[in-house]
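Numbering-wise (the working numbering), the sequence shown opens with residue 3 and increments by one.
Below you'll find the structure, written out as structure tokens, and then a few comments.
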Amino acid sequence: MTDARVLSLIAGLFFGLWPLVMNRSGLPANISTVVFAGINLLIAVALTVYGGAKLQGSIGVGIAAGVIGAVGLTAFNLMLSKSKPTEVGSLFVLMVMAQIAVPAVYQMVMSGDVSLKKVAGFLAAFAATVLLG
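So, in structure tokens, the structure goes:
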């Protein structure tokens, strides 16, 4: 397994775990967003300083991504704060389905590979979301 695949699995495990822990915190949505983002910022700054990273690329596109992420994180934490622990799993599955669909559609558009097999994959994923929810 490549390093990128191992990191992808680690990211998936931790992205799957933190919302379940945050739901148990009982914090209101905006507070949980600030706590989560604040801790992320502290760790990211520390790792950036330690690694000696230099600014490259487009800061404007990075800011746009940050705004998009902030809206998504706030909506997600609002969902967590309004959900009972018994509901979080099914709502998380729905969110992940939407999250998977975005890069899958992006990949199809960028590659021009729109096929019956891929459409069937989307239908199967939607069916899995309904069955798991």
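We put the beta carbon where it would ideally sit given N, CA and C, even for glycine.
For residue i, which of the options has the nearest alpha-carbon?
{"i": "Leu134", "options": "Ala122, Glu89, Ala67, Gly64", "result": "Glu89"}
{"i": "Leu82", "options": "Ala100, Thr4, Ile33, Ile41", "result": "Ile33"}
{"i": "Asn42", "options": "Pro30, Ala72, Gly54, Ala66", "result": "Ala72"}
Please state the DSSP three-state secondary structure of residue i.
{"i": "Ala103", "result": "helix"}
{"i": "Thr131", "result": "helix"}
{"i": "Ser117", "result": "coil"}
{"i": "Met88", "result": "Before going further, note that residue 88 is Thr rather than Met in the sequence given. Thr88: helix per DSSP, three-state reduction."}
{"i": "Leu57", "result": "coil"}
How many Å lie between residue i and residue j at the Cα?
{"i": "Pro21", "j": "Gln109", "result": "27 Å"}
{"i": "Asn79", "j": "Asn25", "result": "8 Å"}
{"i": "Ala77", "j": "Lys120", "result": "29 Å"}
Which first and last residues belong to the alpha helix (DSSP H) in which residue i is found?
{"i": "Thr76", "result": "61 to 84"}
{"i": "Leu11", "result": "5 to 27"}
{"i": "Gly40", "result": "31 to 53"}
| Does the region 48 to 64 come close enough to the region 100 to 118 that 3 or more CB-CB pairs lie under 8 Å? | no
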